[in-house]
Amino acid sequence: MAMIGTILGAPFLPLLFLLSLMARAQEAVERALDSKEEKERHRAKKEDEKRVEAAVEQRGLDNVFDGDWNGAAGKFLLRWYGHSTHHERLLFAGSDGIVFAAPVERVSSGRDKHAQVVARLSPDEATLEDPFSGEFETRILLIRFRDGSWLRVDTEESRSELHMYVLRQAS
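With positions in the sequence shown counted from 1, the corresponding number in this note's numbering is that position plus 19.
Right, here's the structure in full:
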């Protein structure tokens with residue numbers, strides 16, 4: 020079956036390659052025609068992205084959690100997947116703690132409708148934090164457990180409502 024897909028798709032590969040090449044050429048032309056300010060903004064954005072990547076790597080935040088399966092974060096992660104194998108979670112944070120909701124089974128659409136609360140963490144167990152204290156606009160947050168272990172959470176957008184909540188709590 021895979022062989023048939025390959026045979027049927029092969030004639031379209033040169034077209035896809037050509038379209039990709041044309042898109043890259045268009046981006047290069049647009050960058051060449053940018054004003055000085057736009058070029059400077061683009062350069063500054065690239066530098067910021069590199070600084071964020073370096074900071075993420077330096078702090079070990081390119082991992083899902085701190086790596087200690089015996090720590091509170093590792094144990095929580097194991098329980099979390101025991102409740103739902105779905106890879107996405109809805110996370111709510113408030114003064115009474117952190118609440119996780121997820122579909123019990125994998126669903127392709129309407130995930131919010133099928134979500135159920137699968138875990139709660141009280142403020143005594145863990146807190147939500149921005150690992151960069153607002154220095155960078157990232158999608159990364161940490162759930163910091165009392166034993167110092169952590170679990171990384173990626174939001175759907177930079178400076179999400181969760182980020183704003185965390186930054187307000189910190190100040």
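Yeah, the Cβ is synthetic: ideal placement off N, Cα and C, and Gly gets one too. All values reported here derive from a predicted model rather than from experimental measurement.
Exercise. If you drop the 5 nearest sequence neighbours on each side, which residues of the same chain put their C-beta closer than 8 Å to that of D67?
Worked result: The residues are F155.
For this session: Have a look at the DSSP bridge pairing and note the partners of V172.
Result: DSSP lists L160 as the bridge partner or partners of V172.
For this session: Within 10 angstroms of the Cβ of A145, are there 16 or more other Cβ atoms? Answer buried if so, exposed if not.
Result: Counting the other Cβ atoms within 10 Å of the Cβ of A145 gives 16 or more, which makes it buried.
For this session: Leaving aside the five residues before and after R98 along the sequence, list all residues of the same chain whose C-beta is less than 8 Å from its C-beta, in chain order.
Result: The residues are A138.
Exercise. In angstroms, rounded to a whole number, what distance separates the CA positions of A112 and N89?
Worked result: Straight-line Cα distance between these residues: approximately 25 Å.
Problem set entry | 7 Å CB neighbourhood of W169 in its chain, flanking five on each side removed | Excluding sequence neighbours, W169 sits near F84, D85, A92, L161, I162 and R163.
Problem set entry | Supposed contact pair L96 and P150 - C-beta distance, whole angstroms, cut 8 Å | Not confirmed; about 17 Å, so no contact.
Exercise. According to DSSP, which residues form a beta bridge with F119?
Worked result: L110 and A138.
For this session: Compute the beta-carbon to beta-carbon distance between G153 and L186, rounded to the nearest angstrom, for a pair I have assumed lies under 8 Å.
Result: The beta carbons of G153 and L186 sit about 5 Å from each other, so the pair counts as a contact at 8 Å.
For this session: Could you have a look at E148 and say whether DSSP puts it in helix, strand or coil?
Result: Reduced to three states, the DSSP call for E148 is strand.
For this session: Output yes or no for whether 8 Å exceeds the beta carbon distance between V172 and L110.
Result: If you check the CB distance, V172 and L110 come in under 8 Å.
Exercise. When you compare only the Cα positions, how much space is there between I26 and L37?
Worked result: Taking the straight line joining both Cα atoms gives about 19 Å.
Exercise. Tell me which same chain residues have a C-beta within less than 8 Å of the C-beta of D53, skipping the five on either side of it?
Worked result: Excluding positions up to five away in sequence, the list reads H61.
Exercise. Is it true that the CB of R158 sits closer than 8 Å to the CB of S177?
Worked result: Yes. Within cutoff.
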